Every structure is written in structure tokens, then in C-alpha cells.
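Engineer: Let me give you the structure first, and then I'll get to my questions.
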Amino acid sequence: MTSETQEGTPIQGSHIKETSSSFGITPEQYMLPAAQQIRMLGPDGQLIPEEAQGTSPGHEYPIPEDDALLAAYEALVVGRRVNDQNYALVRQGRLAVYPSSHGQEACQVGAALALGTGDWMFPTYRDTVATITRGVDPLEVMVSFRGDWHCGYDPLHYKISAMSTPLTTQLLHAVGVAHAAKLRGEDTVVLAMCGDGATSEGDFHEALNFAAVFEVPVVFFVQNNGYAISVPLSAQTAAPSLAHKAIGYGMAGEQVDGNDMVAVLATLRRAVDLARANSMPLLLEAITYRMQAHTNADDDSRYRESAEVEQWKQRDPLLRMRTFLTERGVLDADAETRISGKAEEVAAALRLAMTTEPEMDPLEIFDHVYAAPTAQLREQRAKLADELERSQEG
Numbered sequence: 001m002t003s004e005t006q007e008g009t010p011i012q013g014s015h016i017k018e019t020s021s022s023f024g025i026t027p028e029q030y031m032l033p034a035a036q037q038i039r040m041l042g043p044d045g046q047l048i049p050e051e052a053q054g055t056s057p058g059h060e061y062p063i064p065e066d067d068a069l070l071a072a073y074e075a076l077v078v079g080r081r082v083n084d085q086n087y088a089l090v091r092q093g094r095l096a097v098y099p100s101s102h103g104q105e106a107c108q109v110g111a112a113l114a115l116g117t118g119d120w121m122f123p124t125y126r127d128t129v130a131t132i133t134r135g136v137d138p139l140e141v142m143v144s145f146r147g148d149w150h151c152g153y154d155p156l157h158y159k160i161s162a163m164s165t166p167l168t169t170q171l172l173h174a175v176g177v178a179h180a181a182k183l184r185g186e187d188t189v190v191l192a193m194c195g196d197g198a199t200s201e202g203d204f205h206e207a208l209n210f211a212a213v214f215e216v217p218v219v220f221f222v223q224n225n226g227y228a229i230s231v232p233l234s235a236q237t238a239a240p241s242l243a244h245k246a247i248g249y250g251m252a253g254e255q256v257d258g259n260d261m262v263a264v265l266a267t268l269r270r271a272v273d274l275a276r277a278n279s280m281p282l283l284l285e286a287i288t289y290r291m292q293a294h295t296n297a298d299d300d301s302r303y304r305e306s307a308e309v310e311q312w313k314q315r316d317p318l319l320r321m322r323t324f325l326t327e328r329g330v331l332d333a334d335a336e337t338r339i340s341g342k343a344e345e346v347a348a349a350l351r352l353a354m355t356t357e358p359e360m361d362p363l364e365i366f367d368h369v370y371a372a373p374t375a376q377l378r379e380q381r382a383k384l385a386d387e388l389e390r391s392q393e394g
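At position 25 of the sequence shown (counting the first as 1) the number is 25 in the UniProt record's numbering, and the numbers step up by one without a gap.
Written out as C-alpha cells, the structure reads:
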């Protein structure tokens with residue numbers, strides 16, 4: 001419950017004060033990111049010493065269980081295969097566009113696996129892997145990139161909003177859902193996903209400000225891949241990090257190595273738990289990299305050097321996780337074969353679906369405009385139905 005003064009006025013930021021006190025630190029120490037970026041695996045996939053992981057009082061992250069880490073690795077492998085398959089389908093003309101998250105899969109997988117079944121996720125257009133990891137059939141995701149539908153899955157069923165193409169608007173929707181859930185007394189946390197470019201938008205400010213003032217359980221997850229299409233981070237902010245923006249709104253911020261699957265899952269889990277327990281928002285910035293172009297319509301050679309891309313290949317989240325789990329004795333040859341086989345099955349199903357021409361009903365464009373169609377829409381539908389009937393008659 002929110003603390004009150006003698007006059008009965010709510011004390012702003014009471015949950016921050018209570019939470020920081022429980023860790024034995026000041027509110028400022030709690031809200032500011034840890035002095036070091038949170039990281040558990042080195043670029044070579046080796047577990048780094050605890051004292052080098054960046055943790056401190058109030059910023060402590062236990063390593064997830066082995067079965068959770070193996071499930072995360074499986075989702076990484078499937079996600080990578082989906083990204084690469086879809087990139088090939090674009091070149092074949094089977095998809096109109098595809099924003100690949102090749103290299104960012106650890107962020108995607110962590111986002112999906114950190115949430116409970118009753119929680120909501122609000123993804124961006126680049127969050128295909130997060131959406132399928134949460135349970136959506138890849139074929140239902142791809143129909144929007146082929147241009148068949150705006151959204152091929154039921155958001156209410158999966159508790160995943162439609163993947164947002166407009167920049168940052170989904171953050172406002174996420175905060176609205178979290179606020180409504182709080183008013184209803186529901187045990188719901190909302191994960192609001194965005195990129196580094198979104199932090200320059202007005203909607204970002206409005207979403208974080210509202211979430212902090214009304215203390216709603218939202219985790220803002222920023223995948224900082226270094227570029228907003230072609231605009232580098234240096235042209236987006238002068239802050240020490242995007243995580244530092246949190247304290248200005250009155251919430252806790254943290255920065256994590258976004259290519260470290262273990263650290264990403266650990267920090268997201270804790271952020272979701274804190275949001276749920278204390279009904280307050282948090283901001284988590286993941287430092288990652290977009291290995292491929294923004295979309296197939298982008299020429300990334302115009303704004304970044306190939307040497308930069310090669311450097312980031314040494315931090316591949318999939319390879320780091322494979323090394324870690326193998327040396328930990330969690331991943332063996334049989335498990336690797338099973339996981340690779342599953343990834344190929346998903347890729348094969350995508351190829352088959354995307355090379356099969358869909359059967360479209362032109363009249364469906366009128367079915368999902370309003371809950372009850374207007375007279376004008378009914379008239380337009382009737383005219384189109386008449387034209388279609390006459391064209392079929394020759």
C-alpha cells in the first residue's frame with residue numbers, strides 16, 4: 001500500500017523508499033544502475049567471477065536454474081533459424097519485409113521466458129522471436145510481413161499485443177493495460193519492449209512518467225542495438241546510458257549485457273518480480289547489436305563499418321550460451337541434435353507456408369473495422385460483393 005502523510009496525502013515514490021530500505025541502500029543507490037553493466041558470461045562463454053559480474057547490494061541476480069537455461073538455449077537456436085529463414089524468404093520475394101533480430105535473440109528469448117502466463121507483452125516490429133518464444137505459431141506472425149493481415153494471432157489469447165510498427169506507441173498501450181490491471185486488482189505485469197531510437201520519442205517520456213506517477217507494474221525493456229535505423233546512439237542521447245534515464249522519472253534502472261543469455265534472463269526475471277511485488281515500473285537497458293540490416297530495404301554499409309559487425313560476431317549470444325551449457329554439463333550431443341532438429345522443422349514449415357499462395361477473401365477487409373459495422377461500411381461491402389460476383393460470372 002502507498003504510505004500516507006498525516007494529512008492523508010500519498011507520499012510520492014513510497015514504493016521506491018520501501019524497496020530500497022529492504023536492500024539496506026538509499027533510494028538513489030537503488031534507482032541508479034549498478035556501477036558496472038550486469039554480465040555473467042564472458043565473450044568466450046565462460047562464467048566470469050562473481051565480483052566481476054557488476055552486482056552490488058540492491059542489484060543482485062542469481063543464475064537461473066539449469067532447466068531454464070536449457071530451455072532458453074533451445075529458444076535461441078529456434079529463433080536464430082527463424083531469423084535466417086525469414087531473411088532468405090525476403091530475398092526470394094516470399095515476404096514483403098522482415099526486420100531481423102539476428103544477434104539480438106538473447107533479449108528476445110529472455111523477454112518471453114521471464115513473464116508469467118497471466119502477464120502481457122507489448123513487442124515491436126523486430127520482436128518476432130520473442131513472440132514465437134511466448135507460444136505464437138511462427139506462421140501466424142509471418143502473415144503480417146507477407147502483407148496478408150495486420151496481425152495474424154489473437155492478442156487476447158496469447159496476451160501479446162499486435163507487433164507495433166509505429167515507433168513507441170506500444171509503450172503507452174502497455175502502461176494503460178498495466179494501470180487497468182492494477183485498478184482491477186489483477187496480478188499482472190506488463191513488459192513493454194522498445195529500441196534505443198524509441199527513447200527519443202515523446203511517447204517514451206509520457207509512458208514512463210505516467211507509469212512512475214501512478215506506480216503501475218510495467219518493465220520497460222530497451223534493446224539498445226546501437227542504431228535507430230542509421231542514427232547512432234550518440235545522436236540520440238548525452239546520458240551516461242539509457243538506463244540512467246530511469247531515475248529522472250522516479251524508477252529503478254539497470255543495464256545488462258544483452259548478448260549474455262544468462263544475465264538477460266536473470267535481470268528480466270528480477271525486474272518482473274519486483275514490478276509484481278511492489279506495483280512499480282522499472283527500466284532495463286540491454287546492450288546488444290543488430291547483425292543484419294535494419295530491414296531488407298536498408299543498406300547498412302552506408303552508416304557502419306564491416307569491422308564493427310565482425311567485432312560483435314565475437315559476442316554472439318548463441319555461441320556463448322552453447323559453450324557455457326556444454327561445459328556445465330547441461331547440453332550434450334543428443335540434446336543438441338534434438339534442438340537442431342526442432343529448429344529445422346520450424347524453418348521447413350515456414351518455407352512451405354510462405355511458398356503457398358494464401359486464399360484471400362476480399363470481403364474480410366470489412367469484418368474487423370468496427371464491432372458493429374456502420375451503414376457506410378455495409379453499403380461498401382455490398383458494392384464490392386456485387387462486383388466480385390459479376391466478375392466471377394464473366
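Every residue, glycine too, gets a C-beta built ideally from N, C-alpha and C.
Since the structure is predicted, the reported quantities are computational estimates derived from the model, not experimental observations.
(1) Excluding sequence positions up to five away, which residues of its chain have a Cβ less than 8 angstroms from the Cβ of GLY118?
(2) Determine contact between the region 332 to 351 and the region 306 to 316, defined as no fewer than three beta-carbon pairs at a distance below 8 angstroms.
(3) Please list the terminal residues of the continuous alpha helix (DSSP H) segment that includes PHE23.
(4) Could you pull the start and end residues of the beta strand (DSSP E) that residue 400 belongs to?
(5) Out of curiosity, what's the CA-to-CA distance linking ALA34 and SER56?
(6) If the criterion is Cβ atoms closer than 8 angstroms, does the pair VAL262 and PRO49 meet it?
(7) Starting from the C-beta of GLY135, find all residues in its chain whose C-beta is less than 7 angstroms away, skip the five residues before and the five after it, and write them out in chain order.
(8) CB-CB under 8 angstroms to MET1, same chain, minus the five flanking residues each way: which ones, in chain order?
(9) Could you compute how far the alpha carbon of VAL143 sits from the alpha carbon of ASN86?
(10) Quick check on DSSP: helix, strand or coil for TRP149?
(11) Tell me whether the region 243 to 263 and the region 21 to 39 touch, counting them as touching only if at least three CB pairs, one residue from each stretch, are closer than 8 angstroms.
(12) Which runs of the alpha helix (DSSP H), 4 residues or longer, sit entirely within the region 59 to 99?
(13) Do three or more CB pairs link the region 236 to 252 to the region 89 to 108 at distances below 8 angstroms?
(14) So which of PRO166, LEU183, VAL82, VAL190 has the shortest CA-CA distance to GLY202?
(15) Is the distance from the Cβ of VAL219 to the Cβ of VAL272 below 8 angstroms?
(16) For GLY195, which residues of its own chain have a beta-carbon under 6 angstroms away from its beta-carbon, when the five flanking residues on both sides are left out?
(17) Can you tell me where the beta strand (DSSP E) holding LEU282 begins and where it ends?
(18) Starting from the C-beta of MET321, find all residues in its chain whose C-beta is less than 8 angstroms away, skip the five residues before and the five after it, and write them out in chain order.
(19) Buried or exposed: which applies to HIS59, given that a residue is buried once 16 or more other Cβ atoms fall within 10 Å of its Cβ?
(20) Check the C-beta distance from VAL82 over to THR131 and give it rounded, since I have them as a contact under 8 angstroms.
(21) Which residues does DSSP pair with GLY253 in a beta bridge?
(22) Please determine, among ALA111, ALA178, THR199, THR295, the residue with the shortest C-alpha to C-alpha distance to ALA211.
Structural biologist: Straight from the coordinates:
(1) One-based indexing of the sequence shown puts residue 118 at position 118. Contacts found: LYS159, GLU186, ASP187, THR188.
(2) No, the region 332 to 351 is not in contact with the region 306 to 316.
(3) Translated into positions along the sequence shown, residue 23 becomes position 23. Per DSSP, PHE23 lies in no alpha helix (DSSP H) segment and is marked neither H nor E.
(4) Missing from the structure shown is residue 400; the chain here goes from 1 to 394 and no further.
(5) Position 34 of the sequence shown holds residue 34. Position 56 of the sequence shown holds residue 56. Roughly 7 angstroms separates the two Cα atoms.
(6) Translated into the one-based positions of the sequence shown, residue 262 becomes position 262. Translated into the one-based positions of the sequence shown, residue 49 becomes position 49. Taking the C-beta atoms as reference points, PRO49 is found no nearer than 8 angstroms to VAL262.
(7) Here residue 135 refers to the residue found at position 135 when the sequence shown is read from its first residue. Cβ-Cβ distances below 7 angstroms link GLY135 to TYR158 in the same chain, with the five nearest sequence neighbours on each side left out; the list follows chain order.
(8) The sequence position of residue 1 within the sequence shown is 1, counting from 1. Caution applies to MET1, whose pLDDT of 37 falls short of 50 and renders its modelled position unreliable; the model cannot decide the point.
(9) As a first step, residue 143 is located in the sequence shown; it is residue number 143 there, counting from the start. As a first step, residue 86 is located in the sequence shown; it is residue number 86 there, counting from the start. Here the C-alpha atom of VAL143 lies approximately 12 angstroms from the C-alpha atom of ASN86.
(10) Counting from one through the sequence shown, the residue named residue 149 turns up at place 149. Coil, per DSSP.
(11) These segments touch.
(12) Correct list: 66 to 91.
(13) No, because fewer than three Cβ pairs between the region 236 to 252 and the region 89 to 108 fall closer than 8 angstroms, the two stretches do not touch.
(14) Your numbering for residue 202 matches position 202 in the sequence shown. Here the closest residue by C-alpha is PRO166.
(15) Residue 219 sits at position 219 when you count from the first residue of the sequence shown. Residue 272 sits at position 272 when you count from the first residue of the sequence shown. Remark: C-beta atoms of VAL219 and VAL272 approach each other more closely than 8 angstroms.
(16) Within the sequence shown, numbered from 1, the residue matching residue 195 stands at position 195. GLN223, listed in sequence order.
(17) Numbered from 1 along the sequence shown, position 282 holds the residue referred to as residue 282. For LEU282, the enclosing beta strand (DSSP E) begins and ends at 282 to 287.
(18) Here the question's residue 321 lines up with position 321 in the sequence shown. Once the five neighbours on either side are set aside, the close Cβ partners of MET321 are LEU41, GLY45, LEU69, ALA72, TYR73, LEU76, ALA106, MET261, VAL262.
(19) Counting from one through the sequence shown, the residue named residue 59 turns up at place 59. Counting other Cβ atoms within 10 Å of its Cβ, HIS59 reaches 16 or more and is therefore classed as buried.
(20) Along the sequence shown, read from residue 1 onward, the residue named residue 82 stands at position 82. Along the sequence shown, read from residue 1 onward, the residue named residue 131 stands at position 131. Actually they do not touch by this definition, with Cβ atoms about 10 angstroms apart.
(21) Taking the first residue of the sequence shown as position 1, residue 253 is located at position 253. Partner(s): LEU283.
(22) Here residue 211 refers to the residue found at position 211 when the sequence shown is read from its first residue. Between ALA211 and the set ALA111, ALA178, THR199, THR295, the nearest pair of CA atoms involves ALA178.
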